[in-house]
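Have a look at the structure below, then the notes.
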């Protein structure tokens, strides 16, 4: 038997079954990212709407005070409205300060909501990726097991075929030897033995010799086949251990990467680096100059 072909991990990753799994996983990840993008868009719009309402309320209050001042000036004249102007300016400052406080409070709430959403989304994506890696490891192990089982079955079939061929050759040799004895003209009758007795003796001797020879051949073949099977089992065990080590390292690497990614997302969310919190802060900056 020729040397057993090693089943490499790269070969397993090129199988249709594995590639089909990767394609399915890519679709799942894409769908999850689309879902997250939609969630982010919804919360951004909600935050913008809430801030816009506060802005509109502030503008309305400020405009109301300004109109009140204009009416008073028209009615009594500007010189007679100095006290009223100061009073209205104080009210405008109070309204603006109250507006800033409300906006800052809302920005804080929005930032917390955004951070929590990012944390949940990151955990969900990391969970899916980890699930995908586990599925990949599982399918690789199943593929290896299937191919190894096929290898073992093929070797058994080869051994059975060679055993049958050897037994057939031995039977053929035995028949040819018996035929040769029957056709041997050197066997002659003498005082001690008849021709038939001489041939029977030769047949017994030949059978004894063949039996010993054939048993030795079968023993050698059995030992050879046993060694081949042992080598195959050892090779397969080494391949399995190698794959399990690769799978373990892959899972460990992914978990470590996910942990770092999770910390990074949390830091980004805490500093308001995403679009949602930025939009809310923009409202504060716009009205701080009012």
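In this note's numbering, the protein residues as written are 1 to 290.
Think of the CB as a built atom: it goes at the ideal place given N, C-alpha and C, for glycine as much as any other residue.
Item, Value
"If you draw a straight line from the alpha carbon of residue 156 to that of residue 244, how long is it in whole angstroms?", "26 Å"
"Under the assumption that residue 62 contacts residue 92 (Cβ atoms under 8 Å), give the Cβ distance between them as a whole number of angstroms.", "6 Å"
"Assign residue 233 to one of two classes, buried (16 or more other C-beta atoms within 10 Å of its C-beta) or exposed (fewer than that).", "exposed"
"How far does the alpha helix (DSSP H) with residue 88 in it reach, from first residue to last?", "82–182"
"Taking contact to mean 3 or more Cβ pairs, one atom from each stretch, closer than 8 Å, check whether the stretch 7–21 and the stretch 120–128 are in contact.", "no"
"By Cβ distance below 7 Å, which residues in the same chain neighbour residue 12 in space, the five residues on each side in sequence not counted?", "18, 140, 143, 144"
"Do the stretch 104–111 and the stretch 47–60 meet, that is, are 3 or more Cβ pairs less than 8 Å apart?", "yes"
"Can you tell me the Cα-Cα spacing of residue 153 and residue 161, whole angstroms?", "12 Å"
"Grouping DSSP H, G and I as helix and E and B as strand, with all else coil, what is residue 226?", "helix"
"Measuring CB to CB, does residue 181 end up less than 8 Å from residue 206?", "yes"
"Kindly indicate which three-state DSSP category residue 211 falls into: helix, strand or coil?", "helix"
"Hey, how far is the Cα of residue 10 from the Cα of residue 254?", "19 Å"
"Give me the Cβ distance between residue 251 and residue 133, rounded to the nearest whole Å; I'm assuming they're in contact under 8 Å.", "6 Å"
"Pull up the distance between the alpha-carbon of residue 71 and that of residue 64, whole angstroms please.", "11 Å"
"Compute the distance between the beta-carbons of residue 166 and residue 216, then report whether it is under 8 Å.", "no"
"Under the assumption that residue 236 contacts residue 170 (Cβ atoms under 8 Å), give the Cβ distance between them as a whole number of angstroms.", "Contact doesn't hold; Cβ gap of about 32 Å is too wide."
"Out of curiosity, what's the CA-to-CA distance linking residue 87 and residue 103?", "24 Å"
"Which of helix, strand or coil does DSSP assign to residue 14?", "coil"
"Mapping the DSSP letters down to three states, classify residue 7 as helix, strand or coil.", "coil"
"In angstroms, rounded to a whole number, what distance separates the CA positions of residue 249 and residue 256?", "10 Å"
"Are residue 121 and residue 58 close, meaning C-beta to C-beta below 8 Å?", "no"
"Within 10 angstroms of the Cβ of residue 8, are there 16 or more other Cβ atoms? Answer buried if so, exposed if not.", "exposed"
"Taking the alpha-carbon positions, what's the residue 238 to residue 163 distance?", "28 Å"
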